[in-house]
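Residue numbers (full-length UniProt numbering): 1 to 149. Using N, Cα and C, we set each Cβ at its ideal position, and we do this for glycine too. This structure is a prediction, so every number in the text was calculated from the model and none was measured. A short worksheet on the structure shown next.
As structure tokens, then:
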């Protein structure tokens with residue numbers, strides 16, 4: 001028998017349906033309040049722009065390179081392992097383009113990492129991988145998006 005208060009919620013054509021009260025008493029947690037500025041379009045646009053446009057940082061700010069830089073005895077080339085492969089961090093290399101590349105749908109140019117270290121891969125080497133581009137001599141290259149100043 002269907003309780004009278006639930007009868008109007010059941011679709012027509014299912015007169016034999018059985019309602020189990022224990023399923024109706026499931027606890028649903030209360031929604032969390034949104035931040036005070038959640039509806040401000042300016043805030044959303046600003047945060048979206050920050051997510052879309054990486055910012056240049058110094059090589060010293062790239063945390064996953066700290067151990068290699070601190071332990072290196074060679075000031076010209078520092079060995080770095082990325083994704084299981086050995087690369088060179090050419091510290092005394094000139095800043096030049098090593099060709100056109102593409103990252104996250106944006107056109108860029110391949111440069112040595114020290115000339116285009118980006119905040120998006122500051123902490124984790126895994127975030128560097130989409131930006132990695134080949135430089136002869138197995139140097140660490142970065143596909144530096146053209147909209148980066």
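Per-residue burial, residue i [other beta carbons within 10 Å of its own, 16 or more giving buried]
i, result
"residue 112", "buried"
"residue 102", "exposed"
"residue 135", "buried"
"residue 96", "exposed"
"residue 109", "buried"
"residue 142", "buried"
"residue 62", "buried"
Euclidean distance between Cα positions of residue i and residue j
i, j, result
"residue 120", "residue 114", "14 Å"
"residue 74", "residue 67", "14 Å"
"residue 69", "residue 104", "28 Å"
"residue 148", "residue 92", "22 Å"
"residue 64", "residue 99", "26 Å"
"residue 133", "residue 88", "13 Å"
"residue 127", "residue 107", "18 Å"
"residue 53", "residue 130", "15 Å"
Minimum C-alpha distance to residue i - residue among the options
i, options, result
"residue 125", "139, 60, 81", "81"
"residue 77", "144, 139, 148, 143", "139"
"residue 137", "79, 60, 107", "79"
"residue 59", "90, 130, 129", "90"
DSSP three-state assignment for residue i, whether helix, strand or coil
i, result
"residue 96", "coil"
"residue 69", "helix"
"residue 104", "coil"
"residue 118", "strand"
"residue 131", "helix"
"residue 163", "Residue 163 cannot be examined here, being either before or after the span of the chain that is shown, 1 to 149."
"residue 78", "strand"
"residue 125", "helix"
Distance CB(residue i)-CB(residue j) smaller than 9 Å
i, j, result
"residue 57", "residue 146", "no"
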